[in-house]
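Working notes, beginning with the structure itself.
4 protein chains.
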Amino acid sequence: MTLWDKGGPVDAAIVRFCTGNDPELDAVLIPFDVAGSIAHVRMLGRLRLLTAREVARLRRELTAIRALHEAGRFSIRPEDEDVHTAIERRLTERLGDTGRRVHTGRSRNDQVLTALRLYGRETLLDVTEAALALGASAARFAARHARTPMPGYTHTRRAMPSSFGFWAGAFAEAIVDDVAGLRAAWDLLDQSPLGAAAGFGTLLPLDRAFTARLLGFSRVQRNAQHVQNSRGKIEAAVLAACTQPLATAHRMAVDLIWYSTPEFGFVRLPDRFCTGSSLMPNKRNPDVLELIRAACPAVCADEFRIKSLLAGLPSGYNRDLQLTKEPFLRGLRSSRDALAIAARVLDGVEVDAARARAACTPEIFATDAALEAARQGVPFRSAYRAAAATLASLAASDPAANIARKRHVGAPGNLDLRTTRAALGAQGRWVRSTRARIARAMRNL
Amino acid sequence: MTLWDKGGPVDAAIVRFCTGNDPELDAVLIPFDVAGSIAHVRMLGRLRLLTAREVARLRRELTAIRALHEAGRFSIRPEDEDVHTAIERRLTERLGDTGRRVHTGRSRNDQVLTALRLYGRETLLDVTEAALALGASAARFAARHARTPMPGYTHTRRAMPSSFGFWAGAFAEAIVDDVAGLRAAWDLLDQSPLGAAAGFGTLLPLDRAFTARLLGFSRVQRNAQHVQNSRGKIEAAVLAACTQPLATAHRMAVDLIWYSTPEFGFVRLPDRFCTGSSLMPNKRNPDVLELIRAACPAVCADEFRIKSLLAGLPSGYNRDLQLTKEPFLRGLRSSRDALAIAARVLDGVEVDAARARAACTPEIFATDAALEAARQGVPFRSAYRAAAATLASLAASDPAANIARKRHVGAPGNLDLRTTRAALGAQGRWVRSTRARIARAMRNL
Amino acid sequence: MTLWDKGGPVDAAIVRFCTGNDPELDAVLIPFDVAGSIAHVRMLGRLRLLTAREVARLRRELTAIRALHEAGRFSIRPEDEDVHTAIERRLTERLGDTGRRVHTGRSRNDQVLTALRLYGRETLLDVTEAALALGASAARFAARHARTPMPGYTHTRRAMPSSFGFWAGAFAEAIVDDVAGLRAAWDLLDQSPLGAAAGFGTLLPLDRAFTARLLGFSRVQRNAQHVQNSRGKIEAAVLAACTQPLATAHRMAVDLIWYSTPEFGFVRLPDRFCTGSSLMPNKRNPDVLELIRAACPAVCADEFRIKSLLAGLPSGYNRDLQLTKEPFLRGLRSSRDALAIAARVLDGVEVDAARARAACTPEIFATDAALEAARQGVPFRSAYRAAAATLASLAASDPAANIARKRHVGAPGNLDLRTTRAALGAQGRWVRSTRARIARAMRNL
Amino acid sequence: MTLWDKGGPVDAAIVRFCTGNDPELDAVLIPFDVAGSIAHVRMLGRLRLLTAREVARLRRELTAIRALHEAGRFSIRPEDEDVHTAIERRLTERLGDTGRRVHTGRSRNDQVLTALRLYGRETLLDVTEAALALGASAARFAARHARTPMPGYTHTRRAMPSSFGFWAGAFAEAIVDDVAGLRAAWDLLDQSPLGAAAGFGTLLPLDRAFTARLLGFSRVQRNAQHVQNSRGKIEAAVLAACTQPLATAHRMAVDLIWYSTPEFGFVRLPDRFCTGSSLMPNKRNPDVLELIRAACPAVCADEFRIKSLLAGLPSGYNRDLQLTKEPFLRGLRSSRDALAIAARVLDGVEVDAARARAACTPEIFATDAALEAARQGVPFRSAYRAAAATLASLAASDPAANIARKRHVGAPGNLDLRTTRAALGAQGRWVRSTRARIARAMRNL
């Protein structure tokens with residue numbers, strides 16, 4: 366029986382079409398809907414719309430639902446439509462009229478918004494942590510191989526001398542930028558939607574600042590119509606932010622997939638990151654890297670899916686928005702998992718310094734030769750043409766010595782990992798203190 | 366003659382395919398490439414790779430190119446490939462070997478990155494300003510119509526009493542969030558790529574902090590490989606940020622298009638925002654609103670175009686990235702124009718208070734009736750069913766009085782525009798001070 | 366234990382990351398993998414790589430797996446990775462070495478390709494049937510309301526006289542085009558991939574024409590490398606085709622959502638296609654139409670997801686392709702369900718002829734007045750300006766009479782549903798005969 | 366002065382916003398709008414709405430406009446809004462009232478639809494021809510290197526013996542499928558929209574079959590509302606079809622980019638398909654291949670741009686649709702150019718047979734060894750494990766002999782290029798006969 370049931374006819378195919386896969390998707394939202402409901406119930410108690418005893422019974426029952434869920438014993442039945450209905454039904458079954466009071470002054474969309482906000486707030490911190498783990502892994506890799514030369518590539522062609530440390534340092538610094546974007550997105554999640562009701566407020570003097578504080582939000586998202594309009598829009602912004610560290614991991618994975626071919630042979634992947642073939646006994650495939658590579662377009666598609674669903678919608682809730690839940694949940698999880706695994710993979714990558722050194726063939730020193738001539742007074746464009754004309758006679762050079770001499774800011778001889786690490790460290794401290802703040806609120810709920 | 370010409374055979378169709386529409390696109394980049402070149406030249410002077418006289422001549426000539434461009438007399442010929450080639454060619458034609466020295470220690474990708482960064486930095490401020498203008502316009506509209514009732518809608522169906530002020534206040538508050546995202550994206554642009562060369566630094570002791578300072582950047586984007594890897598990636602992040610205020614304008618436009626139909630009749634659009642038909646003498650079409658609506662999916666598509674082009678690319682520059690320039694330039698311009706026009710349109714919208722009031726039919730007060738019963742002790746779910754059963758007999762109510770009674774945070778009786786305006790004001794001050802800082806740097810260049 | 370297990374170390378997080386949600390997704394593929402496996406086994410029997418007895422036992426066991434699955438008693442365990450492993454494991458458990466022979470000369474990708482091809486072939490017929498049902502429903506609606514006037518809209522503004530029949534006839538004719546695209550996509554699915562092995566063929570003289578015939582395919586997809594390269598690419602083409610009828614349904618849904626608002630009031634939706642609100646007793650929401658509307662961008666996103674995953678991949682199977690399965694399965698199902706429901710909804714829509722007639726206000730006859738003047742010799746552009754100048758004095762006209770006079774091909778007085786129905790009918794016959802052909806093959810497998 | 370000018374106020378910024386880049390885009394549409402206009406004028410003559418003399422003068426003037434355009438002397442001024450206004454203005458300037466009659470019974474959207482349909486019809490044939498050229502080039506390459514071994518790859522790892530002929534044959538066969546899709550899309554373009562007017566027909570007895578015949582269309586797209594609703598939708602279907610051969614070219618380009626690295630060294634690209642660096646004298650970059658690779662995501666983005674713009678639009682023309690013109694024109698041109706260049710590049714690729722042969726290391730024969738054991742009675746799964754255990758001791762084999770023995774349908778020893786070429790040939794004949802039919806119509810216009 367739906368929450369909005371008024372006794373009309375029901376068509377099974379229609380109900381199924383409308384329900385979609387909400388019951389399955391909503392499982393992960395149970396603890397968050399429980400939290401939002403407890404906050405709402407406590408606020409109703411404050412307004413004397415529930416007695417202290419009712420509040421206590423509802424908190425107990427809601428806490429029990431979360432426990433049942435954690436034990437795998439709370440299920441959302443298809444006829445429940447969604448998690449919110451399932452929970453209200455159970456409260457009513459167990460507490461009678463007290464259960465029937467729990468929805469006073471809130472709407473289901475209010476609940477969905479709150480549960481998704483709480484879920485997103487927590488999972489985006491996971492994503493951030495995983496991104497920082499990748500940044501730290503890249504910095505470690507860079508330190509380990511600061512002086513191990515390899516050719517630098519442009520257009521997939523050998524270009525100039527580089528090093529594994531320089532290659533990895535690029536990803537570490539990228540993560541600093543990426544995490545700044547994740548934080549900006551997180552700030553959007555750090556505002557309480559609870560109390561917007563159907564998007565037009567209520568006659569009841571809902572204390573939204575109180576519920577926001579209980580749930581550990583920094584502020585209230587005010588205008589109730591704005592709250593409803595932000596459904597999907599914030600989710601898209603969050604996934605857009607996730608695609609930035611995923612793009613970093615994507616590029617790293619692309620490089621490693623090619624560097625680990627027998628043809629390049631610059632690196633070796635541990636067995637635990639490779640799989641085989643059901644037919645070909647000889648295969649040792651970089652599946653893990655391929656799936657890290659795939660995460661970026663996949664989450665971009667989730668972002669795009671949400672954005673497309675919003676197109677053409679007028680203000681206020683529209684049912685199309687229901688379909689933004691799946692890509693949001695999936696996109697966050699994919700981001701977290703791919704980044705966390707990427708950090709582990711990079712830690713396990715082994716460098717074949719000899720092969721990389723051997724690939725530092727003489728022509729990659731041509732630019733340095735032209736610039737050397739320029740330093741001695743030859744106009745650069747003329748020096749360039751001269752170097753191009755004498756490429757074949759270019760002598761081999763020691764790439765390690767070459768990069769050691771490149772010392773300006775951002776050059777391979779000046780990795781400056783200290784600065785990168787300091788930035789990653791500060792971001793990590795923010796994650797930890799934020800988590801602690803939220804955990805405190807949740808404990809006191 | 367290309368910069369990389371070494372005397373080989375040339376195939377016209379191939380050259381055309383590779384050049385694409387760069388010559389046209391690059392026109393807007395001329396002043397920015399001039400700025401980047403002046404900074405580079407001054408830095409080479411500091412390193413004594415150019416004499417003071419050479420620096421002076423190059424600055425003069427570069428400044429002249431910008432002036433020619435402003436006068437519409439500097440053109441990029443197809444055989445020049447791009448703006449960078451055209452400028453180097455002219456410098457060489459005019460200054461001989463001094464012109465041939467200008468490229469010492471930098472690459473064309475270095476220049477492209479710098480010019481796009483400078484262009485983006487300026488244009489994203491324009492976008493931000495336009496978004497804030499829309500926010501201010503929405504706040505003005507909200508203040509003007511704070512007490513003018515209209516039905517609030519969910520699922521495009523009348524839901525509960527609302528007001529034009531509440532409707533517009535939602536957009537004003539949305540813009541505050543949107544601009545926070547624009548600022549985070551702007552921070553990505555506020556780091557100097559100049560001096561990354563081909564992505565592997567150079568033997569020359571390039572003073573990248575000096576050029577960054579000259580160009581008014583807050584910091585240097587360090588690792589040169591990271592700099593090259595960020596091509597396209599930052600552009601995508603910038604456009605993703607732009608799609609947020611565009612989504613706000615999109616929803617506003619969707620609402621206004623429908624509200625201004627004769628069937629709704631809630632608002633009237635001034636003639637200057639309407640166009641006609643070539644065939645139908647009676648038409649007065651909301652083209653301007655339709656094009657504002659269209660800007661959001663269009664810029665989303667630009668964002669995804671860039672993201673798709675990056676897929677599968679290894680580290681270092683790849684030619685595919687050239688194709689990210691067009692969507693970046695177009696996306697920024699579309700964002701700026703649509704938001705600026707949206708602000709003007711909203712200022713011109715006239716409300717038909719009587720028709721909106723007449724649409725506040727009795728059933729939209731049903732929720733309030735149920736909540737009133739709940740306040741008096743009836744369990745809400747029971748009150749809900751009772752109200753549903755007696756919908757037909759619901760008495761009409763005064764919507765203005767109704768919303769005036771809804772006073773909790775974010776309710777229609779409590780628009781709290783002061784808070785919204787304060788936030789918009791602070792963001793506006795940031796735009797102005799940032800512009801001033803950049804203008805100062807440009808004047809001293 | 367994986368099919369490619371060679372005894373190395375296993376890392377649970379890595380395995381989980383690689384497995385993803387394949388076990389759940391693959392459930393729908395079980396009958397199709399069984400069919401592909403039977404065909405392969407019979408072919409191995411033909412080559413005398415299996416004895417007749419082995420073939421018989423394997424067929425029996427495979428058929429039993431399908432029966433178990435249909436009874437809900439065959440599960441794919443997470444440690445099985447996917448359906449293919451689960452089936453081979455069971456065959457080996459039950460039949461020992463005979464089970465170990467089943468994979469002779471095929472690869473898992475071969476199986477995935479075959480199962481997805483068979484699944485897609487069947488489900489795309491379902492989509493086609495649902496699209497044709499919508500076309501038929503639109504034609505019925507058009508016939509029912511051939512003479513019921515309504516204003517025609519451009520730019521969401523009343524433009525010229527139209528009719529409900531004309532409005533719906535547009536969708537019926539659109540479906541004829543859409544289904545042509547579905548058939549072209551279906552042809553891509555109607556070629557057997559089986560026997561491509563890992564994409565390089567095998568030493569064994571696999572009889573691919575035989576397995577193709579057994580499985581009811583019209584032809585063999587030949588070059589084995591092409592077969593592997595088509596993974597994801599054909600899926601994207603199929604979903605692209607699906608988005609065409611979905612775009613038709615989308616537009617119909619958008620129209621109906623607005624036409625059924627109280628403000629337009631042109632149509633009424635039966636209760637069984639509406640839902641309510643958990644908070645607002647008065648709500649009757651067009652959720653079903655909103656979800657039909659949402660299906661189009663959702664499936665576009667699935668198409669885009671697949672295309673993005675392919676970007677940058679070299680020839681041959683790459684693990685990224687595994688992620689194309691989910692959007693393909695989901696996109697096909699969403700297409701089928703949304704189209705089937707759309708047909709039912711349109712059948713239930715009731716027209717309020719009086720309100721639509723009342724909306725046929727005088728100005729929508731202005732174009733006809735100008736054209737009438739043009740017919741009598743006034744240059745059209747002058748007649749247009751004259752009509753524009755005298756709009757206010759335009760007399761009301763009978764819209765039914767007006768449209769009855771518009772008789773040229775494609776005009777509202779000439780719906781020509783006979784032609785549309787004939788085209789839909791021919792397409793329906795193709796679906797039925799194709800289904801029969803496939804069912805015959807499956808029965809004889 | 367706009368066509369819909371009725372004397373109201375004009376706001377320059379608004380006009381600029383609405384006009385966008387239509388004047389530039391429309392230049393390519395001039396000959397097609399001229400053709401559509403001649404057909405319309407001749408039809409008006411038939412209806413005696415124009416005299417024979419007026420028809421003759423209008424045809425002459427329209428033909429002159431085309432000639433002026435071809436000579437680069439017909440420009441669309443910004444104040445003209447678009448090509449259609451510019452042409453009507455000129456006709457009126459030159460012919461007075463006769464010019465004012467040309468718009469009798471048609472709308473500008475009618476013209477846009479017709480011009481885009483004609484443009485698309487011709488350019489999609491170009492795309493098809495270019496795709497077939499790539500198919501033919503791939504077949505030639507396959508024939509040239511039918512017996513030149515190389516390792517086949519999965520997961521970018523050496524998998525089994527393959528050949529360059531087999532690799533290229535896959536693309537040739539792919540093109541056959543791709544062109545089938547282009548033809549299906551072309552059929553959508555082969556229906557005349559002309560005479561739909563504003564989407565609701567007209568009182569005049571427009572002879573739409575006559576104009577369709579004049580313009581060389583196979584049939585009339587009937588329901589006028591359907592015609593308007595198909596704007597953008599058909600364009601999206603056309604670009605979706607284009608992305609299929611582009612995906613083929615994309616994959617070929619990805620392979621060649623990597624195969625031509627010094628690390629792989631399997632192929633060499635002629636100098637004319639490579640470019641250099643402005644800084645690095647040693648670079649020889651595969652820009653042409655990179656831009657071919659980039660064309661696929663770029664045109665996918667054009668397709669999705671169009672699809673996104675359609676979301677949420679009700680029936681009838683909406684101004685958002687104007688923005689579908691640019692991606693349609695650009696997408697078609699990019700498709701044609703990239704495919705045509707890809708065919709030329711592949712013709713120029715040189716194979717280094719020795720390096721490819723050397724990469725056929727022993728382990729790629731392991732699968733054959735296991736299958737050989739299976740053929741001799743060992744259960745395959747056991748043979749697989751045995752082969753995996755003895756990989757290191759696997760003897761090298763002759764890859765050419767190996768593939769020669771693989772003779773089943775689609776195996777590398779059985780390229781069956783004859784079948785592929787026959788299919789490509791039949792498609793080529795269709796292109797030529799279709800072109801001839803259209804050219805005949807255009808000559809007689």
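Chains as they are written, first to last, in the working numbering: chain A, 366 to 810; chain B, 366 to 810; chain C, 366 to 810; chain D, 366 to 810.
Built from N, CA and C at the ideal position, the CB exists for glycine as well.
For the set B:566, B:690 and B:415, the Cα lying nearest the Cα of residue 389 of chain B is the one of B:690.
Within 10 angstroms of the beta-carbon of residue 443 of chain B lie fewer than 16 other beta-carbons, which makes it exposed. Residues of the stretch 668 to 679 of chain B whose Cβ lies closer than 7 Å to any Cβ of chain C, in chain order: 673, 676, 677 and 678. Taking 8 Å as the cut-off between beta carbons, the residues of the stretch 611 to 629 of chain A near chain D are 622, 623, 626, 627, 628 and 629, in sequence order. Comparing alpha-carbon positions, the option among D:676, D:532, D:525 and D:539 lying closest to residue 497 of chain D turns out to be D:539. Nearest Cα to residue 474 of chain B within the set B:793, B:787, B:685 and B:709: B:685. Closer than 7 Å to the CB of residue 687 of chain D there is not a single CB belonging to chain C. Residue pairing of residue 632 of chain A in beta bridges, as defined by DSSP: A:716.
Within chain D, the residues whose beta carbon sits less than 7 Å from that of residue 553 of chain C are 542, listed in sequence order. For residue 515 of chain A, the enclosing beta strand (DSSP E) covers residues 514 to 519.
In this structure, the CA atom of residue 780 of chain C is about 57 Å from the CA atom of residue 511 of chain D. Counting C-beta pairs with one atom in each stretch, the stretch 511 to 528 of chain A and the stretch 641 to 652 of chain D have three or more that are closer than 8 Å, which means they touch. Annotation: the continuous alpha helix (DSSP H) that includes residue 783 of chain A extends over 782 to 809. Contacts between residue 683 of chain A and chain D, judged by CB atoms closer than 7 Å, are missing: the closest CB pair is about 10 Å apart. Against residue 728 of chain D, the close residues of chain A are 647, in the order they occur along the chain (beta-carbon pairs closer than 8 Å). The criterion of a C-beta distance shorter than 7 Å is not satisfied by residue 729 of chain B and residue 514 of chain B. Taking a C-beta distance under 7 Å as the contact criterion, residue 720 of chain D and residue 631 of chain D qualify as a contact pair. Shown in chain order are the members of the stretch 647 to 666 of chain C whose Cβ falls below 8 Å from a Cβ of chain B: 647, 648, 649, 650, 651, 652 and 655. Below the 9 Å Cβ cutoff, chain A contributes 640, 652, 653 and 656 as neighbours of residue 383 of chain C, in chain order. DSSP, reduced to helix, strand and coil, places residue 741 of chain D outside both helices and strands of the structure shown, so it counts as coil. Excluding residues up to 5 positions away in sequence, 632, 654 and 714 lie with their Cβ nearer than 7 Å to the Cβ of residue 621 of chain C in the same chain. Note that the stretch 547 to 560 of chain B touches the stretch 577 to 585 of chain B; at least 3 beta-carbon pairs, one per stretch, sit closer than 8 Å.
In this structure, DSSP gives residue 526 of chain A an extended state, which the three-state scheme calls strand. DSSP lists A:584 as the bridge partner or partners of residue 556 of chain A.
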